[in-house]
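Protein chains: 2
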Amino acid sequence: MLLAQRQSKRLTITQIAKEAGVSTTTVSKVLNQLPGVGEQTRARIQAMIEQHDYVQNHAARHLRKGQSGLIDLVIMRLEGGYDIGIMKGVQEVLEESGHRLVISTTNEDEDIERRWLRRIQDQATDGVLLLLPYERIGIADTLMAHNIPVIAIGDRNEPTTAYPTIGSTIWLGGYTATEYLISLGHRRIGIITGPLHLTTSRARLAGYREALERANIPVDPTLICEGNYLLGDGVQQTFALLKHPDPPTAIFAGNDAQAAGVYQALYQHNIRIPDLMSVIGFDDVTYAAQMSPPLTTIHQPLVEMGKMAANLLLRLIAGQTLESNHVELSTSLVLRTSCAPPRQESLPI
Amino acid sequence: MLLAQRQSKRLTITQIAKEAGVSTTTVSKVLNQLPGVGEQTRARIQAMIEQHDYVQNHAARHLRKGQSGLIDLVIMRLEGGYDIGIMKGVQEVLEESGHRLVISTTNEDEDIERRWLRRIQDQATDGVLLLLPYERIGIADTLMAHNIPVIAIGDRNEPTTAYPTIGSTIWLGGYTATEYLISLGHRRIGIITGPLHLTTSRARLAGYREALERANIPVDPTLICEGNYLLGDGVQQTFALLKHPDPPTAIFAGNDAQAAGVYQALYQHNIRIPDLMSVIGFDDVTYAAQMSPPLTTIHQPLVEMGKMAANLLLRLIAGQTLESNHVELSTSLVLRTSCAPPRQESLPI
DNA sequence: CTGAAAGCGCTTACAG
DNA sequence: CTGAAAGCGCTTACAG
Numbered sequence: 001m002l003l004a005q006r007q008s009k010r011l012t013i014t015q016i017a018k019e020a021g022v023s024t025t026t027v028s029k030v031l032n033q034l035p036g037v038g039e040q041t042r043a044r045i046q047a048m049i050e051q052h053d054y055v056q057n058h059a060a061r062h063l064r065k066g067q068s069g070l071i072d073l074v075i076m077r078l079e080g081g082y083d084i085g086i087m088k089g090v091q092e093v094l095e096e097s098g099h100r101l102v103i104s105t106t107n108e109d110e111d112i113e114r115r116w117l118r119r120i121q122d123q124a125t126d127g128v129l130l131l132l133p134y135e136r137i138g139i140a141d142t143l144m145a146h147n148i149p150v151i152a153i154g155d156r157n158e159p160t161t162a163y164p165t166i167g168s169t170i171w172l173g174g175y176t177a178t179e180y181l182i183s184l185g186h187r188r189i190g191i192i193t194g195p196l197h198l199t200t201s202r203a204r205l206a207g208y209r210e211a212l213e214r215a216n217i218p219v220d221p222t223l224i225c226e227g228n229y230l231l232g233d234g235v236q237q238t239f240a241l242l243k244h245p246d247p248p249t250a251i252f253a254g255n256d257a258q259a260a261g262v263y264q265a266l267y268q269h270n271i272r273i274p275d276l277m278s279v280i281g282f283d284d285v286t287y288a289a290q291m292s293p294p295l296t297t298i299h300q301p302l303v304e305m306g307k308m309a310a311n312l313l314l315r316l317i318a319g320q321t322l323e324s325n326h327v328e329l330s331t332s333l334v335l336r337t338s339c340a341p342p343r344q345e346s347l348p349i
Numbered sequence: 001m002l003l004a005q006r007q008s009k010r011l012t013i014t015q016i017a018k019e020a021g022v023s024t025t026t027v028s029k030v031l032n033q034l035p036g037v038g039e040q041t042r043a044r045i046q047a048m049i050e051q052h053d054y055v056q057n058h059a060a061r062h063l064r065k066g067q068s069g070l071i072d073l074v075i076m077r078l079e080g081g082y083d084i085g086i087m088k089g090v091q092e093v094l095e096e097s098g099h100r101l102v103i104s105t106t107n108e109d110e111d112i113e114r115r116w117l118r119r120i121q122d123q124a125t126d127g128v129l130l131l132l133p134y135e136r137i138g139i140a141d142t143l144m145a146h147n148i149p150v151i152a153i154g155d156r157n158e159p160t161t162a163y164p165t166i167g168s169t170i171w172l173g174g175y176t177a178t179e180y181l182i183s184l185g186h187r188r189i190g191i192i193t194g195p196l197h198l199t200t201s202r203a204r205l206a207g208y209r210e211a212l213e214r215a216n217i218p219v220d221p222t223l224i225c226e227g228n229y230l231l232g233d234g235v236q237q238t239f240a241l242l243k244h245p246d247p248p249t250a251i252f253a254g255n256d257a258q259a260a261g262v263y264q265a266l267y268q269h270n271i272r273i274p275d276l277m278s279v280i281g282f283d284d285v286t287y288a289a290q291m292s293p294p295l296t297t298i299h300q301p302l303v304e305m306g307k308m309a310a311n312l313l314l315r316l317i318a319g320q321t322l323e324s325n326h327v328e329l330s331t332s333l334v335l336r337t338s339c340a341p342p343r344q345e346s347l348p349i
């Protein structure tokens, strides 16, 4: 019984044509909603198609038209944060356009990357979306050299690139986060940046400085720590900040992963958030709202960035030209409960 | 300058053949490492292939051989927890086998599902992996009816299914979690289960009961709460548990998302983990280690499950028969810092 | 060892 | 409005 249901044999366009007593040309036309078919004929064929649950052979179509209906999304590493938001957005528009999404992760392995590049070149992709930060961004150049449409998502490091990029207003985010903390009454605000050789890390820091300066608060360099966007950096740098003779009353974490690290460090010292220390993140990754307390953070419109990227890529594929080589969507402040006015008492350490 | 690099025109097998002065048959043979080619000829063609950086046309190959080189993974909803682990595992083996992974999310939308099903039927997939809990599992039957290899990942609800499934030892996980808490000295252990109409939720509960009974601790039904595997359920049920006249000293959360909810509820009441309350989760999702304090939880071997599923699917595709229709990988306890011996003092509420 | 030829299932000028 | 035919780039019997 389990093995029943053999072979609900797939029909070809030829068989449909034969059964309908017309040519494959005509069937193809109704399939593709092309003009030049009598109304009655069209209806009859349409009925037949539905009756048999016919669906076109993908490979044949692909071979003929030179399109695969596939879009590639290349991610360095699956993490469940930033990547998920982007994927969601991309999915959403591809679902509309009828493309399928293939995901590759290179795990920073050059071999895998090379193999991937080969596989991609057999025109088995209509276009590729690169999720930055992608160190080996040379991949984009290779793609372009092979005439494969490509768009990079995330914030580029170079001011201009040959391929289109889509990002968000990082500097403004850094500014907004800091300004918010200041508005709460904070004067001593620690910041744990990302690696400062990245433009995107420096942008956050610049926003932080700008906010401080506008509020006439001198920038204290001993409150600026450099991290690597990893949870562990958040932990370490928080410990360092806590040892400061005059510790900050708030910490701006650079990204949410580092914020999670700040949480852990503070938890160990039994320093309650936001009562004794305010914490603000950056990204608004899925788990930000799940933290205890829920993290106030700068929202990067990940889903929208994914959608925008997919839409632009589709336009590139259609041969249209883009009005701009770089677009930025705006970041925004998401208020949750990890920030409050500065503590009055001193830290219990 | 930016617009340079036009058309690094793709070569066809015919052109390679012509240039090498042989037939396409021969080129095809060396391409596919088939016998029947003179050593010198093979070497010459090989060199030519590499020199021109030739790569086969995917569509043509697909059309001829009836294989797409694509594997589909269907996820109901992208969440960044369970799904990520599975994806990683699947990716890992597909990278080896040379298949590409296409991801679809249906978001429980029947329309999307239907469209997906149509698209999948044009033999544009070699096989599909279904990520459970998939309510509308009828999709698996449809797939089977169309002779598309399918494997479901996650714990099935029915004892037997027509399609192969791969899961983990849930019951044992429930038992292990509870036993661990007991070994720490806990006698009053709250549990927040998943929806009890799911076998997989009941399995955890059964494991919990078994552990209690073995330790001669009477099961207190007022300590058993039902959730829906969502963070909010963790919050709500924890509040309920805290109102209990004789509140538990430990909470077993059913899954990590609910554990995050437990954390939030406890944080609000300023009940420190693990000092005043122990918490244990289930799944060991990516962010479990990022929580404050890092969550002790039952590890589901997500990555391994993904690998196993992909491997079995590949075997199915190759026409092999599986030795069993269901395989379970084992869960294990991951010790982090959210559990400790029961509190001596009473709760500050 | 080597190659000519058919054919996978479509789409698209082109002719009628 | 309708259809015959070529061709997309491969692979695979089959013949030599």
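In order, the protein sequences belong to chains A and B. The opening position of the first sequence corresponds to residue 1 in the UniProt record's numbering, with each subsequent residue numbered one higher. The opening position of the second sequence corresponds to residue 1 in the UniProt record's numbering, with each subsequent residue numbered one higher. Yeah, the Cβ is synthetic: ideal placement off N, Cα and C, and Gly gets one too. Bear in mind the structure is a predicted one, so any value in this text is a computation, not a measurement.
Count the other C-beta atoms from every protein chain shown that fall within 10 angstroms of the C-beta of residue i, then say buried if there are 16 or more, exposed otherwise.
{"i": "Lys18 (chain B)", "result": "exposed"}
{"i": "Arg114 (chain B)", "result": "exposed"}
{"i": "Gln300 (chain A)", "result": "buried"}
{"i": "Gly138 (chain A)", "result": "exposed"}
{"i": "Asn57 (chain B)", "result": "buried"}
{"i": "Ala318 (chain A)", "result": "exposed"}
{"i": "Lys243 (chain A)", "result": "exposed"}
{"i": "Asp109 (chain B)", "result": "exposed"}
{"i": "Ile16 (chain A)", "result": "buried"}
{"i": "Gly98 (chain A)", "result": "exposed"}
{"i": "Ala145 (chain B)", "result": "exposed"}
{"i": "Leu3 (chain B)", "result": "Reliability fails at Leu3 (chain B), whose pLDDT of 30 lies under 50, so the model's placement of it is uncertain and the value that follows must be treated cautiously. Counting Cβ neighbours within 10 Å, Leu3 (chain B) comes out exposed, since fewer than 16 surround it."}
{"i": "Gln258 (chain B)", "result": "buried"}
{"i": "Leu119 (chain A)", "result": "A quick correction: the sequence has Arg, not Leu, at residue 119 (chain A). Buried: at least 16 other Cβ atoms inside 10 Å."}
{"i": "Ile349 (chain B)", "result": "exposed"}
{"i": "Pro149 (chain B)", "result": "buried"}
{"i": "Met1 (chain B)", "result": "Because Met1 (chain B) carries a pLDDT of 26, less than 50, the predicted location of this residue cannot be relied on, and the following value inherits that uncertainty. By the 10 Å Cβ count, Met1 (chain B) comes out exposed."}
{"i": "Glu345 (chain B)", "result": "exposed"}
{"i": "Asp246 (chain A)", "result": "exposed"}
{"i": "Lys65 (chain B)", "result": "exposed"}
{"i": "Asp111 (chain B)", "result": "exposed"}
{"i": "Glu39 (chain B)", "result": "exposed"}
{"i": "Gly232 (chain A)", "result": "exposed"}
Contact defined as beta carbons within less than 8 Å: I believe residue i pairs with residue j. What is the distance between those atoms, to the nearest angstrom?
{"i": "Val334 (chain A)", "j": "Asp284 (chain A)", "result": "5 Å"}
{"i": "Leu313 (chain A)", "j": "Gly127 (chain A)", "result": "5 Å"}
{"i": "Leu73 (chain B)", "j": "Leu131 (chain B)", "result": "7 Å"}
{"i": "Arg52 (chain B)", "j": "Leu11 (chain B)", "result": "The sequence given here places His at residue 52 (chain B); Arg does not occur at that position. His52 (chain B) to Leu11 (chain B), Cβ: 5 Å. Contact."}
Checking the sheet assignment: what are the DSSP bridge partners for residue i?
{"i": "Val327 (chain A)", "result": "A:Ile166"}
{"i": "Glu226 (chain A)", "result": "A:Thr193"}
{"i": "Arg100 (chain A)", "result": "A:Leu70"}
{"i": "Leu276 (chain B)", "result": "Paired residues: none, contrary to the question."}
{"i": "Leu130 (chain A)", "result": "A:Val74, A:Ala152"}
{"i": "His299 (chain A)", "result": "A:Asp283, A:Ser332"}
{"i": "Thr105 (chain A)", "result": "A:Ile75"}
Would you kindly report the start and end of the unbroken beta strand (DSSP E) that includes residue i?
{"i": "His58 (chain B)", "result": "Premise fails: His58 (chain B) lies in the alpha helix (DSSP H), 58 to 65, not in any beta strand (DSSP E)."}
{"i": "Leu31 (chain A)", "result": "From DSSP, Leu31 (chain A) is part of no beta strand (DSSP E) but of the alpha helix (DSSP H) over 24 to 31."}
{"i": "Ile251 (chain B)", "result": "250 to 252"}
Residue i lies in the alpha helix (DSSP H); which residues open and close that run?
{"i": "Ala290 (chain B)", "result": "The sequence shown places Gln at residue 290 (chain B), rather than the Ala named in the question. Unbroken run through Gln290 (chain B): none, as it is neither H nor E."}
{"i": "Ala124 (chain B)", "result": "Looking at the DSSP string, Ala124 (chain B) is not in any alpha helix (DSSP H), and its letter there is neither H nor E."}
{"i": "Leu205 (chain B)", "result": "199 to 214"}
{"i": "His244 (chain A)", "result": "Run containing His244 (chain A): none; DSSP gives neither H nor E here."}
{"i": "His269 (chain B)", "result": "Premise fails: His269 (chain B) is in no alpha helix (DSSP H) and is neither H nor E."}
{"i": "Leu143 (chain A)", "result": "138 to 145"}
{"i": "His186 (chain A)", "result": "Neither: His186 (chain A) is in no alpha helix (DSSP H) and is coded neither H nor E."}
{"i": "Thr14 (chain A)", "result": "13 to 20"}
{"i": "Arg42 (chain B)", "result": "39 to 52"}
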